[in-house]
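*Asks:* After the structure tokens below, expect a handful of questions from me.
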Amino acid sequence: MSPEEEVTRAEEAPPYNKLPEDEKPYALFTDGSCRIMGKHRRWKAAVWSPTRRVAEAAEGQGELSQFAEVKAIQLALDLAESEKWPMLYLCTETWMVANALWGWLQQWKQSNWQCRGKPIWAAPLWRDIAAR
Numbered sequence: 001m002s003p004e005e006e007v008t009r010a011e012e013a014p015p016y017n018k019l020p021e022d023e024k025p026y027a028l029f030t031d032g033s034c035r036i037m038g039k040h041r042r043w044k045a046a047v048w049s050p051t052r053r054v055a056e057a058a059e060g061q062g063e064l065s066q067f068a069e070v071k072a073i074q075l076a077l078d079l080a081e082s083e084k085w086p087m088l089y090l091c092t093e094t095w096m097v098a099n100a101l102w103g104w105l106q107q108w109k110q111s112n113w114q115c116r117g118k119p120i121w122a123a124p125l126w127r128d129i130a131a132r
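Read in UniProt numbering, the sequence shown has 62 at position 62, and its numbers run on one by one without any break.
Here it is as structure tokens:
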């Protein structure tokens with residue numbers, strides 16, 4: 001991708017069912033969840049494509065569902081990069097993730113990954129996402 005074509009900011013796309021047919025293969029749905037099992041929190045992040053035979057998941061302990069939602073975005077980016085997709089539509093239900101992609105990332109980056117003088121939550125994940 002040339003520097004002129006590089007996307008500097010995510011934008012809201014049309015709903016999946018309104019995408020042109022030739023662009024639907026580049027849409028990934030993301031989700032994250034958390035369960036408390038005994039005294040431990042277990043999270044799971046997932047990515048799924050309705051048009052390709054593609055599904056990815058990651059899981060771990062000690063974090064909440066919001067962490068898993070961000071991890072799912074990271075998984076989607078990994079998948080699109082490894083398959084050299086020319087575009088990517090991220091379908092998320094998470095307000096926090098959508099707002100981060102639509103503008104907060106730029107603000108956080110400019111403020112050295114801080115918000116109101118405090119380090120942002122999950123900064124290493126967000127830095128990785130912003131670097132893509």
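All C-beta atoms, glycine included, are put in the ideal place defined by N, C-alpha and C.
#1: Quick one: is Pro25 near chain C, going by C-beta distance under 7 Å?
#2: Exposed or buried, which one is Lys18 when buried takes at least 16 other CB atoms within 10 Å?
#3: Round the Cβ separation of Leu105 and Val70 to the nearest angstrom and send it over; I've been treating them as touching at under 8 Å.
#4: Let me check one thing: in DSSP terms, what residues is Gly38 bridge-paired to?
#5: Any chance the region 33-45 sits against the region 65-79, with 3 or more Cβ pairs inside 8 Å?
#6: In whole angstroms, what is the alpha-carbon distance linking Leu28 and Trp48?
*Replies:* Concretely, from the data shown:
#1: Structure shown: chain C not included; a single protein chain is present.
#2: It is exposed - the Cβ of Lys18 has fewer than 16 other Cβ atoms within 10 Å.
#3: The beta-carbon distance between Leu105 and Val70, rounded to whole angstroms, is 11 Å. This is too long to meet the 8 Å contact definition.
#4: Beta bridge pairing from DSSP links Gly38 with no other residue.
#5: yes
#6: 6 Å
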